[in-house]
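Working notes, beginning with the structure itself.
Residue numbers (this note's numbering), protein chains in the order written: chain E, 1 to 420; chain P, 1001 to 1420.
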């Protein structure tokens, strides 16, 4: 199984014209790589018979299996099924079960049936149908010289489910894989790629069957541990060992696992402890509360937020004395502390979080250049404030400041070390 | 020139492993398509000599020109230059001018020079250097059987500039194009794709040399008009005619052109008129002020924002009577109107904007299901409020609500029709 090469062909004029950004192929590449397979090449071609045939031929020449997505809809420009059949010299047949289910679906949704939809029940001779649990277009699998060629729709939500639930199990079965694959994602913030890289090359992480990948997405990094092997118990144990070793060393920088988000983790910590929060934002402009309110049920802990862009609003809404702003500046430790304390007092909440900074591009001085940001957190135990100096553009300064503020709150709530 | 086929090859293990989402190829596809050319295929391969050679051979077989990106860095896994040279049986030479500039750059940035960097001054025999105005890795162009093969770095900011400033002009010159290409983007909100599609098929838009593409990105749509031809005056005139005809018919739905954003347009309208704004957000949770504060200089008009998630904060911060909330609900026209009026009064601003709604997944009722949103705008002329019913998930309800609110403000400021 290892060393198996898989080719990915994505089909659609919207891709070769740049109208749509293809995300299916990188999702598929990630999932196939996680299985221990290698992606030989990814190709995108338009809805064009000869381009599709050319792509299939080329990829089959360098691959042990293919994943093809797109062009399975009911309209005239969806020609993938016919093109694949044509490329392999196969006729088309109607799958009666699929046709019946399609018609039932139309009745169920109260949509009038039109004959062009019957096209979605056509498959190349010898193809095995791959169910679509999320839409009308079924996929199919053909075998060419012992190599499976799987074809699924291009709608991302459908393609993703069918890849995970249909294609990968099918590849594993056809290829006689008895391998188990387990995965664990560790979410990391405030370590650089090179610091992580250094951690990952440590000898005690070199366990056979375990690979570790890392996927930076500003401002955080995902570490993905994949454990593979035929012995299910061993696969699970290996995963746990590596996860534990990484966790032990990087615990200060790990904010969550798998589908966790920073705002979701903070929301859970607050909700679980029955604590309430008020937020005063200057440079982050509402981004902190925007993220927190993405979490369903956030009204349980978020009492209020204020975006105090003017000095008057800092005075009115938070009770920051005008004299402090005049003496130390709106962007200062003194102001940040009073903002956090003020919003906590006025909201009557357990915690108060505040940001003030210079997001640029203008407004910097020598003492406080663009990217200077103060983050303060007030609670019953007192108030802490940290000063940061970021580079990057306005948006990234906002994103990093919001992330740092949420992380400060997370650390305080989980009793962790409050990094500077 | 028309009918010219261009192949795109993107190189990097981070692409075939799915670690990084490739965006260069869709950018290139869009720009090449805008020139009136066709993308024959896009291929992604890893940093592997035989995969690169295979990709080059295949794409050259179906294309009149190639764009290759990625793998031009100084590290050992950057093997694109050597692979391209190898594929075409060419030796490598050092370009002394490039080498000197590289060394100067290192001195300028005060970084010690290491010999591996000299690799970035190596080019295949016969190659013409393509300048990199944004980084250290120069690109190059080779000719194979009259077909230009251009190679540029994979760093998106560098790839984009070099494509526009180096590759496309070079293709045009090599291929003897005397065509002029002009483009205009129209930004549209509150029309569906099928409504736009219907507009675009109108006979009076069918002008030779003019094409219109549309690129939906929730919650808005970009319309791109491209005008091409050898007569510069005619090209410009055609573009203007089509732009004018579309503008005349869709004026109510057009919020900007080219690089305009909704928040940027609103910011300009407020700043130009010297008007100030305060925002009270419930269901949008800070997203409106987050977007407005992405615009540099937003402190000129944004006095304050409040995220009034609790009923107490609606009473405290906005003066909404508790009895109104009790009688009509926090999500009601009555509350929305008082929120907009309250935040305007308390901020002492010209305009007050407010949102309240049920973003879900819980909290809906039969009378006010999930997706019910009220948006209110208060100004010297009075207060307007609109009720909307959205479907979609929590995040998209927030995004659509914020966009609708900003659009309501834009319409009010530009004297346009206030759509329901």
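In this text, a Cβ means the ideal position worked out from N, Cα and C, and glycines have one as well. If you're wondering where the values come from, they're calculated on a predicted model, not measured in any experiment.
What are the residues of the region 1383-1410 of chain P that lie near chain E, defined by any Cβ-Cβ distance shorter than 8 Å?
Under the 8 Å Cβ criterion, the region 1383-1410 of chain P contributes 1394, 1395 and 1398.
My parser needs the beta strand (DSSP E) runs of 3 or more residues fully inside the region 154-219 of chain E; what are they?
Contiguous beta strand (DSSP E) elements confined to the region 154-219 of chain E occur at 180-189 and 210-217, taking only those with 3 or more residues.
Residue burial classification, residue 1008(P) (beta-carbon count within 10 angstroms, cutoff 16):
As a first step, residue 1008(P) is located in the second chain; it is residue number 8 there, counting from the start. So residue 1008(P) counts as buried.
Which full runs of the alpha helix (DSSP H) of 4+ residues lie inside the region 18-91 of chain E, going along the chain?
Entirely contained in the region 18-91 of chain E, the alpha helix (DSSP H) runs reaching 4 residues are, in chain order, 24-34, 49-62 and 80-87.
Mind listing the chain E neighbours of residue 1285(P)? Cutoff is C-beta to C-beta under 9 Å, in chain order.
Residue mapping note: residue 1285(P) aligns to position 285 of the second chain, counting from 1. Near residue 1285(P) (Cβ distances below 9 Å), the residues of chain E are 286, 289, 290, 291, 292, 293, 294, 298, 302 and 305.
So is residue 1251(P) buried or exposed if we call it buried at 16+ other beta carbons inside 10 Å?
Position 251 of the second chain holds residue 1251(P). Exposed, because fewer than 16 other Cβ atoms sit within 10 Å of the Cβ of residue 1251(P).
Could you say which of 16(E), 108(E) and 211(E) lies nearest to residue 70(E) if we only look at CA atoms?
For the purposes of this step, residue 70(E) is taken as residue 70 along the first chain, with counting starting at 1. With distances taken between CA atoms, residue 70(E) lies nearest to 16(E) out of 16(E), 108(E) and 211(E).
Suppose contacts are defined by Cβ-Cβ distances below 7 Å. Is residue 1067(P) in contact with residue 1167(P) by that definition?
As a first step, residue 1067(P) must be located in the second chain, where it is residue number 67. As a first step, residue 1167(P) must be located in the second chain, where it is residue number 167. Yes, Cβ-Cβ distance for residue 1067(P) and residue 1167(P) is below 7 Å.
Can you tell me whether residue 1326(P) is buried or exposed? The criterion is at least 16 other CB atoms within 10 Å of its CB, across all chains shown.
To locate residue 1326(P), count along the second chain from 1; it is residue 326. In this structure residue 1326(P) is exposed. Its beta-carbon is surrounded by fewer than 16 other beta-carbon atoms within 10 angstroms.
Runs of alpha helix (DSSP H) lying entirely within the region 228-299 of chain E, each at least 4 residues, in chain order:
You should have 232-250, 262-273 and 287-292.
I need the DSSP call for residue 365(E), collapsed to helix, strand or coil.
Residue mapping note: residue 365(E) aligns to position 365 of the first chain, counting from 1. Per DSSP, reduced to three states, the secondary structure at residue 365(E) is coil, with no helix or strand assignment.
Count the CB pairs spanning the region 1305-1313 of chain P and the region 1268-1285 of chain P that are closer than 8 Å, and state whether there are at least three.
The answer is yes - the region 1268-1285 of chain P touches the region 1305-1313 of chain P, with three or more Cβ pairs under 8 Å.
For residue 1202(P) and residue 76(E), what's the separation of their Cα atoms in angstroms?
In the second chain, residue 1202(P) corresponds to position 202, counting from 1. In the first chain, residue 76(E) corresponds to position 76, counting from 1. When the Cα atoms are used, residue 1202(P) and residue 76(E) turn out to be separated by approximately 21 Å.
Near-chain E residues of the region 1061-1075 of chain P (beta-carbon distance less than 7 Å), N- to C-terminal order
Taking 7 Å as the cut-off between beta carbons, the residues of the region 1061-1075 of chain P near chain E are 1062, in sequence order.
Of all the residues that make up the region 19-30 of chain E, which are near chain P by a beta-carbon distance shorter than 9 Å?
Residues of the region 19-30 of chain E with a C-beta less than 9 Å from any C-beta of chain P: 19, 20, 21, 22, 23, 25, 26, 27, 28, 29 and 30, listed in chain order.
Nearest CA to the CA of residue 1039(P): which residue from 1020(P), 1208(P) and 1062(P)?
Position 39 of the second chain, counted from the first residue, corresponds to residue 1039(P). Selected option, being the one with the closest Cα: 1062(P).
Rounded to whole angstroms, what's the CA-CA distance from residue 175(E) to residue 1151(P)? Just pull it up for me.
In the first chain, residue 175(E) corresponds to position 175, counting from 1. In the second chain, residue 1151(P) corresponds to position 151, counting from 1. CA-CA distance, residue 175(E) to residue 1151(P), rounds to 38 Å.
Expressed to the nearest angstrom, what Euclidean distance is found between the alpha-carbon atoms of residue 364(E) and residue 393(E)?
Position 364 of the first chain, counted from the first residue, corresponds to residue 364(E). Position 393 of the first chain, counted from the first residue, corresponds to residue 393(E). The straight-line gap from Cα to Cα measures roughly 13 Å.
Around the C-beta of residue 1164(P), are 16 or more other C-beta atoms found within 10 angstroms, so that it is buried, or is it exposed?
Start at 1 with the first residue of the second chain, and residue 1164(P) comes out as number 164. With fewer than 16 other Cβ atoms within 10 Å, it is exposed.
List the DSSP bridge partners of residue 389(E).
Within the first chain, the letter at position 389 stands for residue 389(E). Residue pairing by DSSP places residue 389(E) opposite 372(E) in a beta bridge.
Using 7 Å as the limit for Cβ to Cβ distance, is residue 1001(P) near chain E?
Counting from one through the second chain, the residue named residue 1001(P) turns up at place 1. For residue 1001(P), the predicted structure reports a pLDDT of 45, less than 50, and the residue's modelled location is therefore unreliable. A value from the coordinates is still provided. Interface annotation, residue 1001(P): not in contact with chain E, CB-CB separation never under 7 Å.
Given residue 1301(P), which residues of its chain have a CB within under 7 Å of its CB, disregarding the five upstream and five downstream residues?
Against the second chain, residue 1301(P) aligns to sequence position 301. Excluding positions up to five away in sequence, the list reads 1267, 1270, 1271, 1275, 1276 and 1277.
Check the DSSP bridge columns for residue 378(E) and list the partner residues they point to.
Taking the first residue of the first chain as 1, we reach residue 378(E) at position 378. Looking at the DSSP assignment, residue 378(E) forms a beta bridge with 352(E) and 383(E).
Taking beta-carbon pairs under 9 Å, can you tell me which members of the region 197-215 of chain E lie near chain P?
Along the region 197-215 of chain E, the positions whose C-beta sits under 9 Å from a C-beta of chain P are 213, 214 and 215, read in chain order.
Using a Cβ-Cβ distance cut-off of 7 Å, determine whether residue 9(E) contacts chain P.
Against the first chain, residue 9(E) aligns to sequence position 9. No, residue 9(E) lies away from the interface with chain P (no Cβ there is under 7 Å from its Cβ).
Any chance the region 1105-1122 of chain P sits against the region 1087-1097 of chain P, with 3 or more Cβ pairs inside 8 Å?
In this structure the region 1105-1122 of chain P touches the region 1087-1097 of chain P; the number of beta carbon pairs closer than 8 Å is three or more.
With DSSP run on the structure shown, which of helix, strand or coil describes residue 1094(P)?
By 1-based counting over the second chain, the position of residue 1094(P) is 94. If DSSP states are grouped into helix, strand and coil, residue 1094(P) belongs with the strands.
For chain P, is any of its Cβ atoms less than 7 Å away from the one on residue 136(E)?
For this step, residue 136(E) is matched to residue 136 along the first chain. No, no contact with chain P.
Check the Cβ-Cβ distances between residue 1372(P) and every residue of chain E, and say whether any is below 7 Å.
Residue numbering aside, residue 1372(P) sits at position 372 when the second chain is read from its first letter. Judged by the 7 Å Cβ criterion, residue 1372(P) is not in contact with chain E.
Neighbour-count burial assignment, residue 109(E), 16 or more Cβ in a 10 Å radius:
Along the first chain, read from residue 1 onward, the residue named residue 109(E) stands at position 109. Burial call: exposed.
Between residue 1193(P) and residue 1221(P), which are expected to be in contact by the criterion C-beta below 8 Å, what is the C-beta distance as a whole number of angstroms?
To locate residue 1193(P), count along the second chain from 1; it is residue 193. To locate residue 1221(P), count along the second chain from 1; it is residue 221. Contact between residue 1193(P) and residue 1221(P) is confirmed by a C-beta separation of about 7 Å, below the 8 Å threshold.
Would residue 1132(P) pass as a contact of residue 1162(P) if the rule is Cβ separation under 7 Å?
Within the second chain, the letter at position 132 stands for residue 1132(P). Within the second chain, the letter at position 162 stands for residue 1162(P). Between residue 1132(P) and residue 1162(P), the gap from beta carbon to beta carbon is short of 7 Å.
Could you check the C-alpha separation between residue 1379(P) and residue 1341(P) for me, to the nearest Å?
In the second chain, counting from the first residue as 1, residue 1379(P) sits at position 379. In the second chain, counting from the first residue as 1, residue 1341(P) sits at position 341. Going from the Cα of residue 1379(P) to the Cα of residue 1341(P) covers about 8 Å.
Between residue 177(E) and residue 142(E), what straight-line distance do the alpha-carbon atoms span, to the nearest angstrom?
Counted from its first residue, the first chain places residue 177(E) at position 177. Counted from its first residue, the first chain places residue 142(E) at position 142. Approximately 19 Å, taken between the alpha carbons.
Residues of its chain near residue 1247(P), where Cβ-Cβ distance is below 8 Å and the 5 sequence neighbours each way are ignored:
Counted from its first residue, the second chain places residue 1247(P) at position 247. Hits under 8 Å: 1186 and 1254.
Beta carbon proximity, residue 412(E) to chain P, threshold 7 Å
Position 412 of the first chain holds residue 412(E). It does not; no Cβ of chain P falls within 7 Å.
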